[in-house]
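There are 2 protein chains.
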Amino acid sequence: MASVIGKSLLTFFFPLNFTADCNAILKALQPIFQEQGMTETVHNWEDHGYLATYITKNGSFANLRIHPHGLVLVDLQSFNDHTKGREEVDQLLNKVEERMKELFHGNIKRVKRLPAILRGGVIDRYWPTADGRLVEYDIDEVVYDEDSPFQNIKILHSKQFGNILILSGDVNLAESDLAYTQAIMGSGKEDYTGKEVLILGGGDGGILYEIVKLKPKMVTMYMRKTCGDVLDNLKGECYQVLIEDCIPVLKRYAKEGRMFDYVINDLTAVPISTSPEEDSTWEFLRLILDLSMKVLKQDGKYFTQGNCINLTDALTLYEEQLSRLYCPVEFSKETVCVPSYMELWVFYTIWKKQTDI
Amino acid sequence: MASVIGKSLLTFFFPLNFTADCNAILKALQPIFQEQGMTETVHNWEDHGYLATYITKNGSFANLRIHPHGLVLVDLQSFNDHTKGREEVDQLLNKVEERMKELFHGNIKRVKRLPAILRGGVIDRYWPTADGRLVEYDIDEVVYDEDSPFQNIKILHSKQFGNILILSGDVNLAESDLAYTQAIMGSGKEDYTGKEVLILGGGDGGILYEIVKLKPKMVTMYMRKTCGDVLDNLKGECYQVLIEDCIPVLKRYAKEGRMFDYVINDLTAVPISTSPEEDSTWEFLRLILDLSMKVLKQDGKYFTQGNCINLTDALTLYEEQLSRLYCPVEFSKETVCVPSYMELWVFYTIWKKQTDI
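These protein sequences, in sequence, are chains G and W. Using my numbering, read the first sequence as starting at 1 and increasing by one per residue. Using my numbering, read the second sequence as starting at 1 and increasing by one per residue.
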C-alpha cells in the first residue's frame, strides 16, 4: 500500500509595520517540537529571521520559518495514512497556535490553517483550473487511467460530481455537467426538430445523447481519433457516429455542397495534433472554423466552447480569429457555471452575417 | 508593502513496489541547488531516506525529501513579489524535473507540480469548502474586512464571481450566485403574487430583491443582529426589513395567530448565538423550525438551505429533526450548483403533512 504524505500549512500574520522578535518566537515554540522528540536544526539569517527544522525518528519533519517583518509559517510533512497521524498533526498545530496567542495576545492579525495537501497516494485530488488556481476535488476512486498514443485519459470518481473525464490533466466533463452540454447546444433556445446537425468531437457522447431526444433529421458526429477507443461505434435512425479525423470529411462535405443547420464544435480548446494540415494552433482553429462555415447553411448556427472567463487574452485572440474567416460572421457569448470546472466558462454562438436585402 | 511567500510543491511518484536509490537521487539533484549558491544540510534516516534542506542568502529555502518506497518531494518556499522570483522558482523546478527524468527514463509513474500557495499577502485566496477541501479563489481585492461583536465580516472581490460575502471564513454568497437565491425561493415553481412572505435572515438582501419583483402582498424580513450594520433599514410598499432577533418576533406572531404563505429561512446553517433560548445548535434549529411551522399556513411552504451534498451525516441529522417537530411535516430536497461555493449545495422544501379528508 502506498503511503500518503500530508503537508499541513499554518500561517500567522502580524499587522503591517510590525517587527517580530524572532528569537522570542523561536524560544516559545521550541519546547512544543522538542516534547515530540524532534531533533532541531536552526538557521539564522542576518536580515531574514530564522528557519528551524524539526525531524522525527519516523521520517516526518516540520519547518518553522520566522520572518522579522511579521510572518510566521509552520509546515508539517508527515505520513497521514491513519486517523491517529492526522490527530497528532492537529494537536501539534493546536499547541503552536495556543502558544503564539499567549505570546502575542491580540497582536496577531490573522491565523490561517490550510487543509493538508495529500501527496504520494494512488488518488490525485488536485486538478488546477484553466486559470491556474489550486483546487482539490473530492476524488475517491480511479476508474480508468491509461495513456493513449495522443494523451493521458483518466476517469476519476468524485463523490459529488460523479465520474469525471480528465484528458492530460484537463477536467473535460463530469456526470454533473449537463450545464455544459446544454450551453454548447444553444441553452434550450433552439428547435432541433427535423434539422441536420454536425458534431465535431464530443467524445463523451453527452451532446449526442441530449440532441437525439429533440428529434433531429440527422446528426453526424465526428469524434477525434483520440477518443476512438473510449466509445463504441454507434448508428441509429437519426444519427451516425464516425470515428475519424474530421478535417478531411469537412473538406469533402464542403466540396460536395452538403449543408447543416447546426455545427457543434466540441473538440478540445487546444488541438492535440494539427499536422499535417497546419502547424499552428490558431491556424488549426481557423481552418476548422472556415470549413465549418462552408458546410453551415446561411441561417445556420455554429456552437462552441471558449475557455475560462478569466482567460481574457485567449478569448480576445479567439474573437479576433472570427474576423479573419473567409466569410463575415457575427457572434454572441454566454457565461455558464459548469459544476465540476470550479470556474465560469464562456460559450460562443457564431452565425453568418446576413447580407442586406 | 507586505511580502508574499510562495510555497511551490513538486512531487515524483514511482511505480508501486519500486525501491528508490535515495543516495543516487540526492547526488543527482544536489548540483542544481548548489549552483544557486544554496547551503545544504542533509538528514539521513536509517529506514526513511533523506531530507536535504537548501538555504539561500535572501531567506528562501527548499526541502528535498526522498522516500525509499519511491516518492520524491521538492518544496520551495520563497518571496514571490516580482515576476522574476516566480520565473527563478519555475526554472529551478524545471531543472529538477529534467534531471529526474534523465535519471529514471520512463520509470517515473507520475510527476505533479502544484500552483504555488501564496501566504503572507494582504489578500487571502484560500477559502476551504464546507466539506474541508482546499480551494483557491481568484481574489484580487479586499473590499471590506471588519470584526463585528458576533463574527468576522469580509467582502472580497473575485474576478469571475464578483464581490463575495465571507462570514467568519465561510463563503456566504457572491454576486454570481443568483442560483442560490432562486433555489431558496423554490426554483421558479412558486407563484408569489399577492402572498404573505416571511424571510428569516437573508442579510445580503438577494432574496428580498428577487421576491419583490414577483409582486407579493407583503414580505417581512428579519435580519439577524449580526447583519445590522451591513445593510440600511428598508421599507417599501410591499415589504419591510426589521433588524432584530427573529425568535421573539416569531413567538409573538405565533401567539397573535399571524400566518404566512411562505417562510424562507436563510439564517446561517450553524447559528451564531443560541442563548438565551437554548444552548444546543440542534435545539436552536428545531426551535426555529417549530416556530416557523406555527406561523405557516396549512398549505404554506418553508424553504431553507441545507449544506454541502458531501456532508451526508449533517444532512441526515437535519432530516431527523424534521420528524421531531410539534406537527408532522414532509419534505423534498434539491441539489444546486452555486457558482462561488465550488461544491454542490442541498436545499429543502418543507410543508405540513396534509391530514386525510
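The beta carbon of each residue, even a glycine, is placed where N, CA and C say it ideally should be.
query	result
Pick from W:166, W:214 and W:18 that is closest to residue 204 of chain W, judged by C-alpha positions	W:166
Residue 121 of chain G versus residue 4 of chain G: straight-line alpha-carbon distance, rounded	5 Å
Beta-carbon contacts of residue 304 of chain W that lie in its chain and below 8 Å, excluding the five residues immediately before and after	184, 264, 265, 266, 347, 348 and 350
Minimum Cβ-Cβ distance from residue 114 of chain W to chain G less than 8 Å	yes
Proximity to residue 118 of chain W [Cα-Cα], best of G:23, G:319, G:237 and G:11	G:11
Opposing strand residues paired with residue 157 of chain W [DSSP bridges]	W:141 and W:163
Outcome for residue 252 of chain G when other beta-carbon atoms lying within 10 angstroms are tallied against a minimum of 16	exposed
Spatially closest choice to residue 130 of chain W from W:37, W:217 and W:314, by CA coordinates	W:314
According to DSSP, residues forming a beta bridge with residue 43 of chain G	G:51
Residue of G:217, G:137 and G:338 minimising C-alpha distance to residue 176 of chain G	G:338
Same chain, Cβ closer than 8 Å to residue 332 of chain G, five either side skipped, listed in chain order	348 and 349
Member of W:324, W:136, W:91 and W:69 whose CA lies at the smallest distance from the CA of residue 59 of chain G	W:69
C-alpha distance - residue 101 of chain G paired with residue 45 of chain G, whole-angstrom precision	25 Å
Within chain W, partners of residue 41 of chain G - CB distance below 9 Å	41, 43 and 53
Inter-residue spacing [alpha-carbon to alpha-carbon] between residue 20 of chain W and residue 181 of chain G	45 Å
CB contact below 8 Å: residue 63 of chain W versus chain G	yes
Exposure label - residue 324 of chain W; buried when at least 16 CB within 10 Å	exposed
Assumed close pair residue 285 of chain G, residue 240 of chain G - CB separation to whole angstroms, cut-off 8 Å	Contact flag wrong, Cβ pair sits at about 25 Å.
Residue 135 of chain W: contacting residues in chain G (beta-carbon distance under 9 Å)	133, 134, 135, 136 and 342
Residue 6 of chain G versus residue 151 of chain W: straight-line alpha-carbon distance, rounded	30 Å
Per-residue DSSP class, three states only, for residue 65 of chain W	strand
Rounded separation between residue 220 of chain W and residue 261 of chain W - CA only	12 Å
Neighbour flag for residue 337 of chain W against chain G, beta carbons, 8 Å	yes
Buried/exposed call for residue 9 of chain G, threshold 16 Cβ in 10 Å	buried
Distance between residue 343 of chain W and residue 163 of chain G (C-alpha atoms, nearest Å)	15 Å
For residue 115 of chain W, the first and last residue of its enclosing beta strand (DSSP E)	110-119
Burial state of residue 142 of chain G (16 or more Cβ within 10 Å)	exposed
Selection of the segment 155-168 of chain W by Cβ proximity to chain G, strictly under 8 Å	159, 160 and 161
Cutoff 8 Å: residue 50 of chain G Cβ touching any chain W Cβ	no
Host alpha helix (DSSP H) of residue 267 of chain W (start-end)	Premise fails: residue 267 of chain W is in no alpha helix (DSSP H) and is neither H nor E.
Min CB distance residue 307 of chain G to chain W below 8 Å	no
Cβ of residue 59 of chain W within 8 Å of any chain G Cβ	yes
Beta carbon proximity, residue 8 of chain G to chain W, threshold 8 Å	no
Reduced DSSP category for residue 339 of chain G - H, G, I as helix; E, B as strand; rest coil	helix
Residue 124 of chain G: contacting residues in chain W (beta-carbon distance under 8 Å)	110 and 112
Within 9 Å of chain W by C-beta, residues of the segment 8-23 of chain G in sequence order	9, 11, 13 and 16
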